[in-house]
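*Asks:* Numbering (full-length UniProt numbering), first residue to last: 1 to 131.
Even glycine gets a Cβ: it sits at the ideal position worked out from N, Cα and C.
None of the values given here were measured: they were computed from a predicted structure.
First, the structure itself, so that you have it in front of you.
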């Protein structure tokens with residue numbers, strides 16, 4: 001039996017961030033990523049105040065859930081490392097994703113779409129290139 005990983009496709013949906021209920025503004029932030037397209041895994045997440053170059057790493061809890069107790073105050077932006085088999089690459093929203101008064105339970109659009117497909121050793125998945 002051969003197993004192929006099928007790319008996820010969320011037409012018309014950008015990668016979004018759901019602020020988990022246990023988050024406590026301003027510094028205790030837990031998020032879950034939604035609508036992660038392509039054939040990728042998010043393996044690292046950083047958060048920063050919009051316009052800042054001081055990024056704070058987030059800790060993976062399980063699946064698409066990440067958290068930090070050091071979230072900066074103010075409007076926030078995110079960057080993530082996605083992998084699709086071989087290499088990782090940074091993907092980020094260079095704009096405000098969470099407003100300064102973010103709320104637990106709300107979903108925020110990053111404005112970013114992930115559509116990468118991993119190079120795999122099975123047909124028809126493998127196109128011999130990383131896109």
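If you run the structure through DSSP and keep just helix, strand and coil, what is residue 15?
*Replies:* In the structure shown, residue 15 sits in coil (DSSP, three-state: anything other than H, G, I, E or B).
*Asks:* Using the beta-carbon count (16 or more within 10 Å), is residue 131 buried or exposed?
*Replies:* Note that residue 131 has pLDDT 48, beneath the 50 cutoff, so the model's placement of it is unreliable and no number is given.
*Asks:* Taking the alpha-carbon positions, what's the residue 95 to residue 50 distance?
*Replies:* For residue 95 and residue 50, the distance between alpha carbons rounds to 7 angstroms.
*Asks:* Using 8 angstroms as the threshold, is the C-beta distance between residue 117 and residue 84 below it?
*Replies:* The answer is yes: Cβ separation under 8 angstroms.
*Asks:* Just to confirm before moving on: does the CB-CB distance between residue 47 and residue 68 stay below 8 angstroms?
*Replies:* Yes, the pair counts as a contact, with Cβ atoms nearer than the cut-off.
*Asks:* Can you name, in chain order, every residue of its own chain whose Cβ lies under 7 angstroms from the Cβ of residue 25, other than the five neighbours on each side?
*Replies:* Closer than 7 angstroms at Cβ, skipping near neighbours: 102.
*Asks:* Tell me the start and end of each unbroken beta strand (DSSP E) in the UniProt domain "Expansin-like CBD" (27-110) that is at least 3 residues and wholly inside, in chain order.
*Replies:* Here the runs fully enclosed are 29-34, 41-49, 59-62, 65-68, 76-83, 88-92, 107-109.
*Asks:* Give the DSSP-derived three-state secondary structure of residue 24 in the structure shown.
*Replies:* In the structure shown, residue 24 sits in a strand (DSSP, three-state: E or B).
*Asks:* Taking just the CA atoms, how far does residue 30 sit from residue 65?
*Replies:* So the two alpha carbons sit approximately 7 angstroms from each other.
*Asks:* Do the CB positions of residue 27 and residue 77 come within less than 8 angstroms of each other?
*Replies:* In this structure, residue 77 does not lie closer than 8 angstroms to residue 27 by Cβ.
*Asks:* Straight-line CA distance for residue 100 to residue 34?
*Replies:* Cα to Cα, the separation comes out at about 21 angstroms.
*Asks:* How would you label residue 73, buried or exposed, when you count the other beta carbons within 10 angstroms and need 16 or more for buried?
*Replies:* Its Cβ having fewer than 16 others within 10 Å, residue 73 is exposed.
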